[in-house]
Amino acid sequence: MSAAAEQPERGARRWVLHVDLDQFLAAVEVRRRPELAGRPVVVGGNGDPSSRTVVATASYEARAFGVRSGMPMRLAARRCPDAVFLPADNPAYEAASAEVMAVLRECGRDDGGDGVVVEVIGWDEAFLQWDGSDPERLADEIRAAVRTRTHLSCAVGIGDNTLRAKMATGLAKPGGVHRITAHNWFATFGDSPTGALHGIGPKTERKLAELGIHTVTQLAESSPTAVGERLGPRMGPYYVSLGRGMGRTEMEGAAYVPRSRSRETTYDTDIEDWDRIRTEVAALAARVATDVAEEGRAVARVGVKVRYRPFLTTTRSRTLDSPTRDPAVLEAAALEVVDRFRRDRPVRLLGVKAEFT
DNA sequence: TCTGGGGTCCTAGGACCC
DNA sequence: TCTGGGGTCCTAGGACCC
């Protein structure tokens with residue numbers, strides 16, 4: 007085979023596209039209940055706006071009232087009392103997500119190429135790796151295919167790596183297309199605060215500010231070693247690379263293999279009775295054991311999480327003598343761990359986690 | 001109006017072993 | 001002897017994301 011034959015067609019190069027479904031949970035609910043179209047819809051928890059839960063997704067109509075993801079349901083109900091409050095129906099969202107991902111996997115073949123490699127990164131998000139010359143055309147194909155075959159709408163970010171594609175999506179929403187590459191990275195984000203970067207939250211933004219690093223350009227020009235001395239030997243250099251707009255160009259197309267499975271519950275009323283707490287932990291362990299059995303994996307470690315009033319969270323865990331998926335062993339381990347917590351204040355949340363080998 | 005649930009990866013100190 | 005370092009595991013907590 008000649009070298010020329012191995013080359014991609016003229017002008018072709020590696021692109022990464024980030025696909026993000028618009029108001030996904032609310033859109034799935036409206037899709038199956040068309041009478042909700044145009045109304046403010048709030049999805050989260052058990053659907054009871056007076057319960058101690060938060061908003062998972064608000065429709066654009068609800069956002070107009072100031073309702074946001076992560077907001078306590080009670081506040082959402084106060085801001086938008088006429089909204090339709092719906093319980094989260096995870097199986098429905100998983101099924102809708104699978105529909106969308108199947109559509110994405112078939113995109114990108116129009117010009118005789120090898121198509122796309124899809125890396126699913128959440129119910130409503132995926133990265134696509136694609137070698138070609140006109141990524142905007144692919145983005146249009148994706149949006150049309152998703153709309154036609156699933157009746158859902160998405161935004162598409164185009165980049166030369168994962169970070170730039172993901173950041174481009176933020177400028178594409180809702181339902182548009184935007185391209186960010188090395189050519190316009192600093193022109194677009196150079197003056198933005200470091201906290202605008204995917205992977206830098208409020209805590210890290212503050213620590214960087216204490217080093218005199220406020221903007222993306224300043225972060226990009228910082229010494230990875232110096233930042234590492236303050237933020238950790240791996241995270242420091244990683245943050246500097248984010249400032250430079252660096253990201254992956256190879257997607258992981260293989261099926262996702264979870265590292266852990268957990269179940270946790272916040273109680274509407276705090277619990278002070280430790281016999282009841284042990285009962286609840288045993289029940290959570292049983293749910294985890296069921297999940298684990300479905301995966302057919304062996305558990306190496308069991309952890310328990312306790313959140314006390316007002317919001318003090320602690321964890322304890324234990325490595326098992328040998329990996330197992332025996333529900334009785336998992337329950338016994340969880341109960342042994344829960345007995346190591348202090349019992350001097352009310353409990354608002356309990357959780358049990360299994361970590362795989 | 002108090003702050004969900006399900007995940008990931010990193011950090012740092014101590015134990016333990018050579 | 002009272003003095004090393006390296007390597008790995010275990011554990012608790014931190015930060016971030018969807």
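Take the first sequence: its letters are residues 7 to 363, numbered as in this note's numbering.
No residue lacks a Cβ here, since even glycine has one placed at the ideal position from N, Cα and C.
Rounded C-alpha distance that separates residue i from residue j
i, j, result
"A83", "G207", "27 Å"
"D274", "E67", "28 Å"
"R315", "T272", "11 Å"
"M257", "E131", "13 Å"
"E125", "E300", "23 Å"
"I186", "I277", "50 Å"
"D350", "T59", "25 Å"
"R37", "H157", "7 Å"
"L42", "V34", "11 Å"
"D281", "R324", "21 Å"
"P180", "D88", "24 Å"
"A104", "A98", "10 Å"
"R348", "F317", "15 Å"
"L81", "F71", "11 Å"
"V47", "G76", "15 Å"
"P40", "A102", "16 Å"
"R212", "P333", "44 Å"
"R240", "Q224", "19 Å"
"A360", "R19", "42 Å"
"N52", "P93", "4 Å"
"P264", "G309", "16 Å"
"R85", "P329", "49 Å"
"R307", "A291", "12 Å"
"L336", "L326", "9 Å"
"A62", "D95", "11 Å"
Per-residue DSSP class, three states only, for residue i
i, result
"D146", "helix"
"S159", "coil"
"L203", "coil"
"K359", "strand"
"S283", "Looking at the sequence provided, one finds Ile at residue 283 rather than Ser. In this structure, I283 counts as helix in the three-state DSSP scheme."
"G309", "strand"
"Y314", "strand"
"T271", "strand"
"G138", "strand"
"L92", "strand"
"A9", "Below a pLDDT of 50, predicted positions are generally treated as unreliable, and A9, at 46, falls in that range; the measurement from the model is reported next regardless. Reduced to three states, the DSSP call for A9 is helix."
"R236", "helix"
"V364", "With the chain covering 7 to 363 only, the question about residue 364 has no answer from this structure."
"T255", "coil"
"D345", "coil"
"G72", "coil"
"V122", "coil"
"T296", "helix"
"S229", "coil"
"R111", "helix"
"T330", "strand"
"S103", "helix"
"R38", "helix"
"P78", "strand"
"P87", "coil"
"A260", "coil"
"K179", "coil"
"R153", "helix"
"R170", "helix"
Paired residues, beta bridge with residue i - DSSP
i, result
"E131", "D26, G128"
"T319", "R313"
"A64", "V48"
"P208", "Paired residue(s): none; P208 is not in a bridge."
"H184", "G163"
"T325", "R307"
"T221", "P199"
"V353", "I277, Y314"
"S266", "E361"
"W21", "W136"
Close Cβ partners of residue i (< 6 Å) along its chain, the five nearest in sequence each way excluded
i, result
"R313", "T319, R354, L355"
"W21", "W136, P141"
"T221", "D197"
"L177", "H184"
"S228", "I219, V246"
Cβ neighbours of residue i in the same chain (closer than 8 Å, five flanking residues each side left out)
i, result
"R331", "A295, V298, A299, G302, R303, A304, V305"
"G44", "E67"
"C113", "G121, V122, L134, L144, E147, I148, A151"
"S8", "Bear in mind that a pLDDT of 47 at S8, under 50, signals an unreliable position, so the number given afterwards is only what the model happens to contain. So the list is empty, once near-sequence residues are dropped."
Cβ neighbours of residue i in the same chain (closer than 7 Å, five flanking residues each side left out)
i, result
"G253", "N167, T168, L169, R170"
"G230", "Contrary to the premise, residue 230 reads as Pro rather than Gly in this sequence. Around P230: G242, P243, V246."
"A10", "Reliability of the predicted coordinates at A10 is poor, the pLDDT of 47 falling under 50, and the value obtained from them is presented with this limitation in mind. Counting only Cβ-Cβ distances below 7 Å, and skipping sequence neighbours, we find nothing."
beta-carbon residue i near the ligand SAM non-hydrogen atom, thresh 6 Å
i, result
"E258", "Ligands displayed in this structure: none; no statement on the ligand SAM is therefore possible."
- request: Decide yes or no for the touch test of the segment 154 to 168 against the segment 21 to 30: beta carbon pairs closer than 8 Å, at least 3 of them.
  value: yes
- prompt: Do the segment 331 to 344 and the segment 281 to 290 make contact, defined as three or more Cβ pairs closer than 8 Å?
  reply: yes
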